[in-house]
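Going by the numbering used here, the first residue of the sequence shown is number 2, and it counts up by one from there.
Backbone N, C-alpha and C fix where the C-beta goes; we use that ideal spot for every residue, glycine too.
Just so it is clear, the structure is predicted and the values come from calculations on it, not from any experiment.
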Amino acid sequence: MAEKKVKGANQVISTGRRKKSVARVRLIPGSGKCTVNGRDMAKYLQRDTLLLVARRPFAVTNSGEKFDVIVNVSGGGVSGQAGAISHGIARALVKYDEMYKKELKEAGLLTRDPRMKERKKYGLKKARKASQFSKR
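Encoded structure:
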């Protein structure tokens with residue numbers, strides 16, 4: 002479906018989403034190098050917890066050193082982007098090999114997290130925050 006031949010290697014392209022973030026993930030068989038928006042994934046995400054979140058699909062499937070990952074991510078904050086990268090990598094791994102689907106599904110990595118920011122309502126300061134009530 003979304004497979005292309007690039008320099009004799011199989012390439013899988015997938016999309017991951019979380020909150021307002023969208024990650025376009027390209028999975029290429031290689032040595033385990035990960036780049037996000039042209040920078041190394043560790044330098045882009047900065048925090049170790051976010052790096053663990055983004056690389057979790059590889060940890061679940063024990064396939065971290067088999068693939069090079071190229072990611073373009075936009076929208077949202079760094080935490081949402083890490084979740085989008087994780088979702089995109091998991092979907093790309095399933096496209097590459099259906100054997101990974103059971104492990105990733107059990108870990109909950111194939112499910113898109115539906116939680117979004119609630120919209121602001123008129124008359125309030127934020128979605129639910131109102132000004133202090135004054136009786137007089």
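Strand pairing of residue i, partner residues [DSSP]
i, result
"serine 75", "Val23"
"serine 32", "In DSSP, serine 32 forms no bridge with anything."
"serine 15", "Val26"
"glycine 41", "One detail in the question is off: residue 41 reads as aspartate in this sequence, not glycine. Answer by DSSP bridge pairing, in chain order: Thr36."
Contact check, residue i vs residue j, beta carbons under 7 Å
i, j, result
"leucine 28", "alanine 93", "yes"
"tyrosine 101", "valine 13", "no"
"valine 70", "alanine 24", "no"
"lysine 130", "glycine 77", "no"
Near the ligand MG: residue i beta-carbon under 6 Å from a heavy atom
i, result
"methionine 117", "No copy of the ligand MG occurs in the structure displayed, which carries no ligand at all."
DSSP state of residue i mapped onto helix, strand, coil
i, result
"phenylalanine 1", "Here the chain comprises residues numbered 2 to 137, so residue 1 is not present and cannot be evaluated."
"arginine 116", "coil"
"arginine 129", "coil"
"arginine 48", "coil"
"glycine 9", "Residue confidence for glycine 9 is low, a pLDDT of 47 falling below 50, so the modelled location carries little weight; the figure read from the coordinates is stated next. Looking at glycine 9 - three-state DSSP - the assignment turns out to be coil, as it is neither helix nor strand."
Distance between beta carbons of residue j and residue i, contact taken as under 8 Å
i, j, result
"glycine 31", "phenylalanine 68", "6 Å"
"glycine 17", "isoleucine 86", "6 Å"
Cβ-based burial, residue i [other Cβ within 10 Å; buried from 16]
i, result
"tyrosine 45", "buried"
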